[in-house]
Amino acid sequence: MRIGIYAVGRLKSGPEKELASRYLDRFAKAGPPSGLELSRMVELPESRAGNAQTRKREEAAELLKSMPDGAMLLVLDERGKALDSEEFAALLGEHRDRGQRDLAIVIGGADGVDPDLRERAKVVLNLGRLTWPHQLVRILIAEQLYRAVTILSGHPYHRV
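Residue numbers (full-length UniProt numbering): 1 to 160.
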């Protein structure tokens, strides 16, 4: 299964970008033997519209345009379900085993995710009840993708 991360906003050079890149590189190397590969990392500019609703709608349209046809949508949103790492790994493994070709993980902008985009998602997850800046969300999801591969492959990185 090809996994892409589609984010509103860009990571500037610095420690956050370096850490996210480190985990994505680990995932890219460890994933293929488990049937998971990093397909792309898409960063879209934030909308400059005058109100949050319009910004979210414009950002959602751009996100959808950048995704492959037939991609399963996984949206990160505070209203989503909380999973632990093993449940997240199982979710990825289950969709991989069902033959899902593409998975698009969406990270919204500062205003969040457009409600219509969230409704289209097969899965809506949260990363806890705290609000995270998008720079840290990228690090968290990159690390969890790597952790999921290690769980699925039985590697000792994930300890319980």
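Glycine residues also receive a C-beta, built at the ideal position from the N, C-alpha and C atoms.
Counting C-beta pairs closer than 8 Å gives three or more between the region 23-38 and the region 141-151, which meets the contact rule. If you draw a 10 Å sphere on the C-beta of His155, you find fewer than 16 other C-beta atoms in it, and that means exposed.
In terms of Cα proximity to Lys12, the closest of Glu143, Leu136, Leu140, Arg159 is Leu136. With respect to the 8 Å criterion, Ile105 and His134 are not classified as neighbours on the basis of their beta carbons. Your pair Lys81 and Asn126 checks out as a contact, with CB atoms roughly 7 Å apart and the cut at 8 Å. In its chain, beyond the 5 residues on either side, Lys56, Arg57, Ala60 have a beta carbon closer than 6 Å to the beta carbon of Asp114. Of all alpha-carbon atoms in Ala90, Trp132, Leu145, Val75, the one lying nearest the alpha-carbon of Leu117 is that of Val75. A residue is called buried once 16 or more other Cβ atoms fall within 10 Å of its Cβ, and Leu145 is buried on that count. In this structure, Val124 places its C-beta atom within 8 Å of the C-beta atom of Arg79. The residue among Ser66, Leu63, Gln53, Leu83 with its C-alpha nearest the C-alpha of Ile141 is Leu83.
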